[in-house]
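Novice: Residues 7 to 224 in the working numbering are what the sequence shown spells out, letter by letter. Cβ coordinates follow ideal geometry from the N, Cα and C atoms, glycine included.
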Amino acid sequence: MSKLGDEITATLLPGMTIPESLQQLFDWIEQRGFFVDTDDGRIGSLFPDDELKAGWTDDERPGGTIVEFAAEGNSNLHYWFGHERREVLDRLCVFAQTGAEGSMAGFWIDDTGKQRIVHLGSGSGSTMCCVLADDPIDFLRLLAIGYDEFCWNEAFSEPPNADGDMVVHPNTAYQNWVQETFDVIIPTTALEIVKTPAEMGDEDSPDEFCRWVEQNGA
């Protein structure tokens, strides 16, 4: 197992596991050296940081979706929920940062005991709060589409770069690895995977995770 996988595993709560496909992703990241080690642990990404910075201009950048994987666990989720009720917090484990403004992705144990991958918007930027994928391979496919960040659900109905702002060039190495490793195709838009990209505050949302958060917040 990769060091990144080991560190994330150490933060998992009862009933949680790292899916094999994500273990393979962490192996792929470490084999290519796409990580940095900090005092708080290893941070993995999908594209080399030096190439990202070298190719970043006012108009375009390489590297596809920016996302950082790390062993965050649930130690800071009391700030997000506004309380410290363990029966709530211990059903979530954060393993990735999805946006520069503080949005996150995590494992969630739903009311049936099933583990799912969910999005927790920062609230100060993205407010997306929903199930991202039931199938971990679909989560990897979502990352491969190539949005700048995948915390902005208003962009999910269109392909990357549809807004006409900065052009984000695809991470073809990662796209090829996903397709070849799992024998899948890369979707055109995120809505092909994220069926109900709900937002915070919707008590009647069709999304199970969003409703659960609304019922269990402060």
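Going by alpha carbons, who is nearest to N182 out of A150, P212 and T23?
Specialist: Checking every option, the nearest Cα to that of N182 belongs to A150.
Novice: Considering only the beta carbon of each residue, do F147 and V190 sit closer than 9 Å?
Specialist: The sequence as given places Arg at residue 147; Phe does not occur at that position. Cβ atoms of R147 and V190: closer than 9 Å.
Novice: So, helix, strand or coil for E48, using DSSP?
Specialist: It is Arg, not Glu, that sits at residue 48 in the sequence shown. In the structure shown, R48 sits in a strand (DSSP, three-state: E or B).
Novice: Look up F87 in the DSSP assignment and say whether it is helix, strand or coil.
Specialist: F87 falls in the helix class under three-state DSSP.
Novice: Report yes or no: do three or more beta-carbon pairs, one from the region 13-25 and one from the region 96-106, lie closer than 8 Å?
Specialist: Touching, yes.
Novice: Start and end of the beta strand (DSSP E) containing F188?
Specialist: Counting along the chain, F188 falls outside any beta strand (DSSP E), though it belongs to the alpha helix (DSSP H) covering T178 to F188.
Novice: Spatial neighbours of F162 within its chain, please: CB distance less than 7 Å, with the 5 preceding and 5 following residues excluded, ordered by chain position.
Specialist: The answer, listed in chain order, is T195, A196, L197, V200 and P203.
Novice: Tell me, to the nearest whole angstrom, how far the beta carbon of P176 is from that of G70; I am working on the premise that it is less than 8 Å.
Specialist: Sure, about 5 Å apart at Cβ, within 8 Å.
Novice: For the beta strand (DSSP E) that contains W34, what are its first and last residues?
Specialist: Element bounds for W34: not the beta strand (DSSP E) but the alpha helix (DSSP H), E26 to Q37.
Novice: Considering just the uninterrupted stretch of the beta strand (DSSP E) at C99, what are its terminal residues?
Specialist: Per DSSP, C99 belongs to the beta strand (DSSP E) from L98 to Q103.
Novice: Given a cut-off of 9 Å on the beta-carbon distance, is the pair E205 and R217 in contact?
Specialist: Cβ atoms of E205 and R217: not closer than 9 Å.
Novice: So, helix, strand or coil for L18, using DSSP?
Specialist: Three-state result, L18: coil.
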